[in-house]
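The block underneath contains the structure these notes are about, expressed in structure tokens.
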Amino acid sequence: MDSIIYTYGGGEVLWTIFNGLALIFKSNSPYLTSVGYLAMLIGGIWGATAALYQANIGIFAKSWFIPSYAILSLMLVPKTTVNIVDEVDPYFRSDRVDNIPVGIALIASTASMVSRAVTEEIETVFPTPDSLRYVKAGPVFGARLAAQARYVRIKDPIVRSNVKNFMRQCFFWPFVASNLKGLKHEALTTSDVLGFIQSNPHPWLGVYWKNPDGSQAFMDCKVAVSQVREVMAVEGDKGLLHLVSTLFGGDHDTSEVSSNLKHMMKDAWSTLARQTSEASGSVGQQMLVNAYREAVDDTREEMGQDRLSPELLSYSATRTLAQQSMSFLVKGTVATSFMPMVQAILFGMLLIIFVLIIPLCFVPGGLSLLALWIRLIFWVQSFPVFSAILSALTTMMHQRMNEGVFRTLGSGFSVETTTALSD
């Protein structure tokens, strides 16, 4: 029967380690032949000496022969296949490794399956959306998504400049700064900026649209809306891919990952932000709002005032402004990104340590080391349990904290809700 080991990140690392273990514990392995036999010889001599000294053959059987025979016949000689299943890494779903000693496979698999069962039970008790659960998305996915989405920007400098000018000329000046037709509140709370501008285009205002060849042409706001819609259809997908690389990492083909992220984002933003539109549309709306915030900050900077959202420029440009106050957020982000990998690495290190512990099990006091190793395996595998509790509590806290914002300012990503969430 195959053994299953569940992991939440770092599946490829564990696969590599188990392949190494398979080579070490193969038949006629130089390591087991030399080191293992030497340890058995030392342990056997010690057991025989103790039995002769006390004239009690039972000491030899109890202290050396029976434990050594049990370890060899039950843990090392029988081999099995290990299936490594990574629930989080989109680039490594599962893989199998043959020729793994039953002892290490059974202990590791039991600890992993117990941890998974407890984690799933916890997430059944806590009201966590299925695709946001730790066993599906990793630690505090909803919080990480909300945090990263706040800073998603248009990458192309020409497109970003055009959209910023558009948001300044066709949105900020006529509706926010001037409050034409009394639409300021509606402009700030709309979850569809382009739809709002298209329904209320200013007849006299427009933007000089820059082309890649350096030329530019004037467009009134009504015409510019269609142009912005076209570029945002592309930039929204680019922003989605940016979130993929930020949340999951890797340089692989992102089509499947983007599809999975869209499904996960629907649950996340439905829970945290009451946003119900498609993922790329939500990202595009967020990028438009961020372009608006940048445009307003550019205007403030031209007037000699400080920027309200300096984090939209770059982290390096703002670290001197917010180093102390943001240090805990940086640590939290690093922790959520690397904790699954750290857990997998610690688990892998314990698997490697098994290679050193096994020879010591044939000498006096070795079984206590094996018992300690088993306890450490179960301890490391308890990380997902506590991370699941943290993820569920974080999701509930985010939802509770955002409740007042969306009750007052409406649902979805608008200028006011995005600003309130950033604050």
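For the record, in the sequence shown the residue sitting at position 419 is 1330 according to this note's numbering, with numbers rising by one throughout.
Just so it is clear, CB atoms sit at the ideal spot from N, CA and C, and this is done for glycine as well.
No experiment lies behind these values; they were computed from the predicted model shown.
Measuring only the C-alpha atoms, how far is residue i from residue j?
i, j, result
"VAL988", "LYS1066", "57 Å"
"PHE1083", "ASN1090", "9 Å"
"ARG1375", "LEU1105", "With the chain represented from 912 up to 1334, any question about residue 1375 goes unanswered, as that position is not in the structure."
"PHE976", "ALA950", "13 Å"
"VAL999", "GLU923", "12 Å"
"ILE1288", "MET1260", "10 Å"
"GLU1205", "ALA1098", "17 Å"
"THR918", "ARG1007", "13 Å"
"TYR1119", "ALA1202", "16 Å"
"ASN930", "PHE936", "10 Å"
"THR1305", "SER1298", "10 Å"
"VAL1142", "TRP1290", "51 Å"
"ILE928", "VAL1296", "23 Å"
"ILE916", "VAL1200", "43 Å"
According to the neighbour-count rule (16 or more other Cβ atoms, all chains shown, within 10 Å of its Cβ), is residue i buried or exposed?
i, result
"TRP926", "buried"
"PHE1129", "exposed"
"TYR964", "exposed"
"HIS1113", "buried"
"ASP997", "buried"
"ASP1124", "exposed"
Name the residue from the options whose alpha carbon lies nearest to the alpha carbon of residue i.
i, options, result
"LYS1121", "VAL1070, LYS1092, ALA1144, LEU1105", "VAL1070"
"SER1102", "ILE1011, ALA1135, MET1198", "MET1198"
"PHE985", "ILE1015, SER1005, ILE956, ARG1007", "Going by the sequence as given, residue 985 is Leu instead of Phe. LEU985 has its Cα closest to that of ILE1015, out of ILE1015, SER1005, ILE956, ARG1007."
"LEU1116", "VAL1134, THR1100, LYS937", "VAL1134"
"GLU1146", "LEU1301, PRO1068, ILE995", "PRO1068"
"SER1126", "HIS1096, ASN1073, VAL1142", "ASN1073"
"ILE1300", "VAL1136, VAL1036, ARG1211", "VAL1036"
"SER861", "ILE1285, SER1302, GLN1109, PRO1270", "The chain is shown from 912 up to 1334; residue 861 falls before or after that span and cannot be answered."
"ALA1303", "GLU1031, SER938, ASN1111, PHE1273", "GLU1031"
"GLN1138", "MET1078, LEU1262, ALA1028, ILE968", "MET1078"
"CYS1081", "LEU943, ASN1111, ILE1011", "ASN1111"
"ILE995", "ALA959, SER914, HIS1096, PHE1258", "SER914"
"ASN1076", "THR1210, GLY1093, ALA962", "THR1210"
"ASN1010", "LEU934, ALA1022, ILE1018", "LEU934"
"PRO1270", "PHE1107, GLY920, VAL1207, SER945", "SER945"
"ALA1088", "ARG1027, ALA962, VAL1207, LEU983", "VAL1207"
"ILE1018", "ALA959, THR991, ILE1033, MET1252", "THR991"
"LEU1283", "PHE1265, VAL1274, LEU1094", "PHE1265"
Is residue i a contact residue of the ligand NAP, with contact defined as CB to any heavy atom under 7 Å?
i, result
"ALA1128", "Because no ligand of any kind appears in the structure shown, any question about the ligand NAP cannot be addressed here."
Rounded to whole angstroms, how far is the Cβ of residue i from the Cβ of residue j, which I believe are closer than 8 Å?
i, j, result
"LEU1281", "ILE1268", "6 Å"
Item to check | Ordered list of alpha helix (DSSP H) runs contained in the segment 973-1039, each at least 4 residues | outcome: 977-981, 1013-1036
Item to check | Length-filtered (4 minimum) alpha helix (DSSP H) runs lying within the segment 914-955 | outcome: Secondary structure in the segment 914-955: the alpha helix (DSSP H) runs of 4 residues or longer, each lying completely within the stretch, are 922-935 in chain order.
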